[in-house]
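Just below is one structure, and these are the notes that go with it.
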Amino acid sequence: MSVAAETGVTAVDKPKSLWRRNFRRYGLPGFGAAIIVVWILIAAFAPLLTPYAPDLVDVTKRLQPPSQMHWLGTDMLGRDVLTRLFYGARISLFTGIVVVVVAAVFGTLVGGIAAYSRGRIEEVTMRITDLVLCFPPIILALAIAAALGIGAVNTIIAMLVVWWPKFARLARSMIIVQRSQEYVEAAMVVGYSPARILIRHIIPNSVGPLIVLVTLDVGNAIITFAGLSFLGLGVVPPTPEWGSMVAEGRELIEQWWVAAFPGLAILSIVLGFNFMGDGVRDWLDPKSRRW
Amino acid sequence: MQDLTRISSAETATAQDGAAILDVRDLRTYFYTDEGVVRAVDGISYSVPPGETLGIVGESGSGKTVAALSLMRLIDDPARIVGGEINFDGRDVVKLSDEELRKIRGGGIAMVFQDPMTSLNPVLNIARQLVETMVVHGRLTEEQALERAIKLLGRMGITAPERAVDSYPHQFSGGMRQRVMLAMGFSNEPQLLIADEPTTALDVTIQAQILELIVELNRDFKTAIVLISHNLGVIASVCSRVVVMYAGEIVEEGPTEKILADPRHPYTWALINAVPRIDRHVPGQRRLVTIDGTPPDPLNMPAGCRFAARCPFRIEKCEQHPELLEIAPGRKSRCWVTQAGGDLPPPETSRGAPAEAKARPDVHHGSETVIKRGERMLELRNVVKHFPLPKTTLFGKQKWVHAINGVSLDIAQGETVGLVGESGCGKSTLARVIARIHEPTAGSVLFHGQDIAHASQAQVRPLRRRMQMVFQDPYASLNPRMTVGDILGEPLRFHEVTHNEKETRERIAELLDVVGLPQKAAARYPHEFSGGQRQRISIARALSVRPDFIIADEPISALDVNIQAQIINLMIDLQERFGLTYLFIAHDLAVVRHISDRVVVLYLGSVMEIAPADTLFAEPLHPYTRYLISAVPIPDATVEAARQRLPLQGEPPSTVDPPSGCPFRTRCPIAQGICAEVMPPVAEVRPNHFVACHFPGQF
Chain A
-3 MSVAAETGVT
7 AVDKPKSLWR
17 RNFRRYGLPG
27 FGAAIIVVWI
37 LIAAFAPLLT
47 PYAPDLVDVT
57 KRLQPPSQMH
67 WLGTDMLGRD
77 VLTRLFYGAR
87 ISLFTGIVVV
97 VVAAVFGTLV
107 GGIAAYSRGR
117 IEEVTMRITD
127 LVLCFPPIIL
137 ALAIAAALGI
147 GAVNTIIAML
157 VVWWPKFARL
167 ARSMIIVQRS
177 QEYVEAAMVV
187 GYSPARILIR
197 HIIPNSVGPL
207 IVLVTLDVGN
217 AIITFAGLSF
227 LGLGVVPPTP
237 EWGSMVAEGR
247 ELIEQWWVAA
257 FPGLAILSIV
267 LGFNFMGDGV
277 RDWLDPKSRR
287 W
Chain B
11 MQDLTRISSA
21 ETATAQDGAA
31 ILDVRDLRTY
41 FYTDEGVVRA
51 VDGISYSVPP
61 GETLGIVGES
71 GSGKTVAALS
81 LMRLIDDPAR
91 IVGGEINFDG
101 RDVVKLSDEE
111 LRKIRGGGIA
121 MVFQDPMTSL
131 NPVLNIARQL
141 VETMVVHGRL
151 TEEQALERAI
161 KLLGRMGITA
171 PERAVDSYPH
181 QFSGGMRQRV
191 MLAMGFSNEP
201 QLLIADEPTT
211 ALDVTIQAQI
221 LELIVELNRD
231 FKTAIVLISH
241 NLGVIASVCS
251 RVVVMYAGEI
261 VEEGPTEKIL
271 ADPRHPYTWA
281 LINAVPRIDR
291 HVPGQRRLVT
301 IDGTPPDPLN
311 MPAGCRFAAR
321 CPFRIEKCEQ
331 HPELLEIAPG
341 RKSRCWVTQA
351 GGDLPPPETS
361 RGAPAEAKAR
371 PDVHHGSETV
381 IKRGERMLEL
391 RNVVKHFPLP
401 KTTLFGKQKW
411 VHAINGVSLD
421 IAQGETVGLV
431 GESGCGKSTL
441 ARVIARIHEP
451 TAGSVLFHGQ
461 DIAHASQAQV
471 RPLRRRMQMV
481 FQDPYASLNP
491 RMTVGDILGE
501 PLRFHEVTHN
511 EKETRERIAE
521 LLDVVGLPQK
531 AAARYPHEFS
541 GGQRQRISIA
551 RALSVRPDFI
561 IADEPISALD
571 VNIQAQIINL
581 MIDLQERFGL
591 TYLFIAHDLA
601 VVRHISDRVV
611 VLYLGSVMEI
621 APADTLFAEP
631 LHPYTRYLIS
641 AVPIPDATVE
651 AARQRLPLQG
661 EPPSTVDPPS
671 GCPFRTRCPI
681 AQGICAEVMP
691 PVAEVRPNHF
701 VACHFPGQF
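For the protein sequence lines, the chains are A and B, in the order given.
To convert, note that position 75 of the first sequence is 71 in the numbering used here; the numbers rise steadily by one, no gaps.
Each number in the numbering used here corresponds to the 1-based position in the second sequence with 10 added.
What follows is the structure, encoded as structure tokens:
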């Protein structure tokens, strides 16, 4: 540091690896965001990126290893794994984002009403959230999806049912914290109505952690949806979906590429959302930042 | 072992030469932040002989806490000690291995922190924490340690220490926890105790107890003490020598009584004069001495004297950076003016407008209604506020916090009523009942003749234009997601004070001007401002709807003394300009005395005494008031030494289960049988002097 020269300090300690800190702060979130952007581009331009159709069956070419024709090989029905991977990104991204966003909006609303009304309404709504949270989420989703029948929309509905309570809880606790802040008392002294205080003052100050949870949670939702598909729920068979692709390759030991590449795709996208979520958290709440 | 007596070099040939227990040489601790290098501690040197009491004083950001933490290398990234030596007991702490360092921490040097609520581990009982401290250093077995722990707690003034060791920290009040911290600090018989603002979070009566304990411990154990505080009164009552820090440097050093009587650095001069004195109130002198500006940007320190930009005694030579040089035997200063033999004259007493100060104009600003001064504005009649506690068991009895128990009080147009009392006495609750954030349990609140005690928010709303509030915490009281312009503009639009955007903008500009902020502040967010500036914004918001009554709930207690003085002056200015009425809540009695016409003393939710400020402080009639006044430390070593201290023992009883009769009887030295049975009424003992005591003035 240049200060050392100025002041003639002899033993200048550099801070512990500036490089590592910058990497943590900008490198990983940037990397995560890059992964997500790449997957979004792939999902959007899937037809342009591959000469095959995702459900083109060619039994003569079944279970071919990766080659120049089929970069990631073919599956049991001779479909191109790479093509199916590209189209599968559409479903994964869509379900992940839709589930989390809808659950977040609904949960925040429930939590906000609970926190602001107090008393009986709060008691009832929060006990319902507790009730939902009592069940292991994937098993409850499994049961609901099984009851509704196979299909992407039904699986999304099943996931929404198990997904909103955590947002309701977080929103409620955030709003309760904000309620007791002096600026809310100041707003009361000016004479604003409760609705105005909630919407203009409390909610804008409570959304930070919710946004963090949303970003961190998309990866979670994607992996849950893939899990449900793996178990046979989720999408209807010919539809390309990563979880069901892994399931198809489950018993093929020699033909590792059928299951491995969709698995890696899930890994990369979940990692991407987690890295980005960490970055968003550090950015919105500098206090939680680790050096 | 190295030589224990590392002689300090010739440049600090002071009386403390020789066997200094702690000798800090040119210590530099820098923060490597994203924005650049912050030189928090920038080359400080001082030494502490065995058994001495040294005070370190300075405003927040002056580097005093970082300097203290550096002594034990308790600093973390991004902060680093980049240079200098810390010779403790003959060894340089900067160069010690972690193993050796651990022996010094707790063994040789002990530390007591500011916040007693977080510095004890909440899941371990007191015994475990104390015993662990002693056993870790390998001097005692567990049994011996426990025995010693009990003895120490007894020595620290904790009643029934045998039972106390089995308690958990949450069962103790702040003052008790600070005693436990002191017991922990002394458990290994350290040679040096560092106390970082040990009493800042405590009430004035508890503060007096803890300070007295520290003085006794210093005397009995011969432990050297480094006391860090922003409060010169605290320093004066404990320390024999004082070091003043500003912008990471020591600007003045010397014996406490000499520095307080005759400061030789303009910053010390400003610190001393910015504080109102409880023992020296000049009627008519309403303005406090303040210095302009803010401390320099630590990222970009000026090349010359760091105080020059704010200094009222600035000379040309201040362009160059002065050194800390001896100006008199045992005294050093970093100032060209005093080094050249100049002195710093006491501030002119005729600052402001003392002559007109009392004759305040009777105009209600922007007034439709002109109200005569003296007309009754607010009347509280037997106001009671009890809060239900959550039930601990399903069939348990409902318990209540008795926050306010029947307070009656009148406030007249144009006066300033000070409200004082220890924390938990119901000051803030009373403010919130008056502002109708809380609905009182019983009693009536008449504001301009209208009873608002149980009115709905819609009914109260029109009155909100006439009653506003300023809050304590300048960081929490402004919505962080709104610009200053929106914060000030929203009430204007809401109450239709202004009718179009142009008017709103003009009014915002006017408000910013009134509180002394630049126009461009409107477009910025609260976090871009310092604590004092935020409090100005808070005041501007309160003024926006042109109220005539302002409740100020501890508006200055989170601020540094110079900023405190600025805010007090601003509030006095505004009162004179707009004929405002204030209810001023504070725990700092000197400030309350300075600003108030009348003072109300509250204890456990009941009024103890109401009197004109000068009368109350000159002739307090209630024993509690006498204790309170006596507990305030005075920043004048001579006065402090001559004062007779009245030690108020114990702590306020619980508000859940308050004592019968007079609430103060459990701590009162003159309490008799009747006090436990009958709550004394608030009676007018002398004209305008109301006391709730069966034996007023007999203590």
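Beta carbons are placed, not taken as given, at the ideal position from N, Cα and C, and that holds for glycine.
Cutoff 7 Å; reference residue i; Cβ partners in own chain excluding five residues on either side
i: P88(B); result: F41, Y42 and T43
i: T104(A); result: F163, A167 and L206
i: Q659(B); result: R677
i: L309(B); result: E45, G46 and V48
i: Y634(B); result: V611, Y613, M618 and F674
i: I119(B); result: L81, M82, F98, P200, L202 and I204
i: F82(A); result: I38, A42, L45 and T46
C-alpha gap between residue i and residue j, whole angstroms
i: V76(B); j: E500(B); result: 40 Å
i: A143(A); j: T514(B); result: 59 Å
i: P669(B); j: M618(B); result: 15 Å
i: I218(A); j: I87(A); result: 9 Å
i: I31(A); j: P43(A); result: 20 Å
i: S72(B); j: I54(B); result: 12 Å
i: R35(B); j: P356(B); result: 33 Å
i: F98(B); j: E333(B); result: 25 Å
i: P47(A); j: R175(A); result: 57 Å
i: E564(B); j: I497(B); result: 21 Å
i: V288(A); j: S177(B); result: Past the edges of chain A, shown from -3 to 287, lies residue 288(A), and the structure says nothing about it.
i: D86(B); j: T39(B); result: 11 Å
i: V231(A); j: I265(A); result: 19 Å
i: L64(B); j: G352(B); result: 26 Å
i: L404(B); j: Q124(B); result: 38 Å
i: I36(A); j: M184(A); result: 45 Å
i: L270(B); j: P472(B); result: 50 Å
Contacts around residue i, its chain only, beta-carbon distance under 8 Å, and the 5 residues preceding and following it disregarded
i: N131(B); result: Q139 and P179
i: A519(B); result: Q529 and A532
i: P61(A); result: G69, Q251 and W253
i: P679(B); result: P633 and F709
i: V145(B); result: T151, E152 and A155
Where residue i falls, given that 16 or more other Cβ within 10 Å makes a residue buried
i: D54(A); result: exposed
i: C130(A); result: exposed
i: A369(B); result: Note that A369(B) scores 39 on pLDDT, short of 50, meaning its location in the model is unreliable; the coordinates nonetheless yield the value given after this. Counting Cβ neighbours within 10 Å, A369(B) comes out exposed, since fewer than 16 surround it.
i: Y22(A); result: exposed
i: P126(B); result: buried
i: K342(B); result: buried
i: M65(A); result: exposed
i: N392(B); result: exposed
i: E378(B); result: Low per-residue confidence applies at E378(B): pLDDT is 38, beneath 50, and the placement is therefore not dependable, though the value from the model is reported in the following sentence. By the 10 Å Cβ count, E378(B) comes out exposed.
i: I566(B); result: buried
Cut-off 6 Å between Cβ atoms - residues of its own chain near residue i, not counting five sequence neighbours on either side
i: Q217(B); result: T209
i: V261(B); result: V254, H275, Y277 and R344
i: L502(B); result: T508, T514, R517 and S554
i: P164(B); result: First, the residue type needs correcting, since residue 164(B) is Gly and not Pro in the sequence shown. Taken in chain order, the residues that qualify are P171.
Proximal residues of chain C, C-beta to C-beta of residue i below 9 Å
i: S487(B); result: Here chain C cannot be found, since the structure's protein chains are A and B.
### Task
Identify every run of the alpha helix (DSSP H) within the region 138 to 203 of chain A, keeping only runs that are complete inside it and at least 4 residues long; order them along the chain.
148 to 175 and 178 to 186
### Query
Along the region 565 to 597 of chain B, what residues have a CB closer than 9 Å to any CB found in chain A?
none
#### Entry: Near-chain A residues of the region 490 to 514 of chain B (beta-carbon distance less than 9 Å), N- to C-terminal order
P490, R491, M492, I497, E500, P501, F504 and H505
#### Entry: chain B contacts from the region 168 to 199 of chain A (Cβ-Cβ distance under 7 Å)
Q177, E178, Y179, E181, A182, M184, V185, V186, G187, Y188 and H197
### Query
What are the uninterrupted segments assigned as alpha helix (DSSP H) that are 4 or more residues long and contained completely in the region 156 to 208 of chain B, given in chain order?
171 to 174 and 184 to 196
### Task
Quick one: which residues of the region 199 to 231 of chain A get their C-beta closer than 7 Å to a C-beta of chain B? List them in chain order.
P200 and N201
### chain A contacts made by the region 89 to 103 of chain B, where a contact means CB separation under 7 Å
R90, V92 and G93
### Query
Which residue spans inside the region 370 to 445 of chain B form an unbroken beta strand (DSSP E) run of at least 3?
Taking only runs of at least 3 residues, the beta strand (DSSP E) segments lying wholly in the region 370 to 445 of chain B are 386 to 398, 410 to 422 and 426 to 430.
### Query
Which ranges does the beta strand (DSSP E) cover as unbroken runs of at least 3 residues, wholly within the region 217 to 267 of chain B, from first to last along the chain?
Fully enclosed beta strand (DSSP E) runs of 3 or longer: 234 to 239, 251 to 256 and 259 to 265.
### Query
Between the region 424 to 454 of chain B and chain A, which residues of the former have CB atoms less than 9 Å from a CB of the latter, in chain order?
R442, A445, R446 and I447
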